[in-house]
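Enquirer: Residue numbers (my numbering): 1110 to 1299.
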């Protein structure tokens, strides 16, 4: 049995993506919208460019795939704060929603809207998938994410989803991508 494809999670990209989504929405966002945006963006980037944006660990849960590290950061878990050189996250959690704590400075808003850790391609995909996710209600997002990659994840230890399953079955280079990412994915700097 081949080892699963693994990536090293990029917390700075996650931080900047969440800030960007919150500033773009100009209102608090629910976890489901943010987490499904991350999933849609990672899956699309993987299929179009052979690597995800965030490299998160996905778990198949009741309401679809959940990027675990993204989820921990949204909950304001302190694990990544030192790596990010922060004392706290720039958002606050209230129930199942998050809101930015302060974007009053115009310069700060501009910085958030032009994240340094996300490439133009990352941002194009993130923007499209954020629009897509916001255009659906909770049930539609849940149904959209209950695909075979999610189903297969339900049968793995800890309901861990596999990047191999996120690559479209009809992708012409599917096997080549899987072989390459199995060997090299954990070495990528996302």
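Don't be surprised by glycine CBs; every beta carbon is placed ideally from N, CA and C.
If you run the structure through DSSP and keep just helix, strand and coil, what is residue 1184?
Expert: Note: residue 1184 maps to coil in three-state DSSP.
Enquirer: At 3 residues or longer, and completely inside the region 1176-1259: list those beta strand (DSSP E) runs for me, N to C.
Expert: Runs of the beta strand (DSSP E) inside the region 1176-1259: 1200-1203, 1206-1209.
Enquirer: So, residue 1231 versus residue 1143, is the Cβ gap smaller than 8 Å?
Expert: No, the Cβ-Cβ distance between residue 1231 and residue 1143 is not below 8 Å.
Enquirer: In terms of residues, what are the limits of the alpha helix (DSSP H) holding residue 1169?
Expert: Premise fails: residue 1169 lies in the beta strand (DSSP E), 1167-1170, not in any alpha helix (DSSP H).
Enquirer: With contact counted as at least three CB pairs below 8 Å, one residue from each stretch, are the region 1172-1188 and the region 1196-1210 in contact?
Expert: Output reads yes: the region 1196-1210 touches the region 1172-1188.
Enquirer: Per DSSP, what kind of secondary structure is residue 1154 in: helix, strand or coil?
Expert: Reduced to three states, the DSSP call for residue 1154 is helix.
Enquirer: In its own chain, which residues sit with a C-beta less than 6 Å from the C-beta of residue 1226, not counting the 5 before and 5 after it?
Expert: So the list reads 1121, 1122, 1125, once near-sequence residues are dropped.
Enquirer: To the nearest whole angstrom, what separates the beta carbons of residue 1179 and residue 1147, a pair I think is in contact under 8 Å?
Expert: At roughly 5 Å, the Cβ-Cβ gap stays under 8 Å, so residue 1179 and residue 1147 are in contact.
Enquirer: Tell me whether residue 1281 sits in a helix, a strand or coil according to DSSP, three-state version.
Expert: In the structure shown, residue 1281 sits in coil (DSSP, three-state: anything other than H, G, I, E or B).
Enquirer: On the CB-based measure, 16 or more other CB atoms within 10 Å of its CB, does residue 1274 come out buried or exposed?
Expert: Classification of residue 1274: buried, given that the 10 Å Cβ count is 16 or more.
Enquirer: Could you tell me the alpha carbon to alpha carbon distance between residue 1268 and residue 1176, rounded to whole angstroms?
Expert: Approximately 12 Å, taken between the alpha carbons.
Enquirer: Determine the burial state of residue 1242: buried for a count of at least 16 other Cβ atoms within 10 Å of its Cβ, exposed for fewer.
Expert: The residue in question, residue 1242, is buried, as its Cβ has 16 or more Cβ neighbours within 10 Å.
Enquirer: Grouping DSSP H, G and I as helix and E and B as strand, with all else coil, what is residue 1173?
Expert: Note: residue 1173 maps to strand in three-state DSSP.
Enquirer: Just the C-alpha distance for residue 1141 and residue 1293, rounded to the nearest angstrom, thanks.
Expert: So the alpha carbons of these two residues sit roughly 31 Å apart.
Enquirer: Which of the three DSSP states is assigned to residue 1274 in this structure?
Expert: Reduced to three states, the DSSP call for residue 1274 is helix.
Enquirer: How would you call residue 1145, buried or exposed, if buried means at least 16 neighbouring beta carbons within 10 angstroms?
Expert: The residue in question, residue 1145, is buried, as its Cβ has 16 or more Cβ neighbours within 10 Å.
Enquirer: By a C-beta neighbour count over all protein chains shown, 10 Å radius and 16 as the cutoff for buried, is residue 1260 buried or exposed?
Expert: Exposed.
Enquirer: Pick out whichever of 1262, 1270, 1164 has its Cα sitting closest to the Cα of residue 1297.
Expert: That would be 1164, whose Cα lies nearest to the Cα of residue 1297.
Enquirer: For residue 1191, count the other beta carbons within 10 Å of its own beta carbon; 16 or more makes it buried, fewer makes it exposed. Which is it?
Expert: Burial call: exposed.
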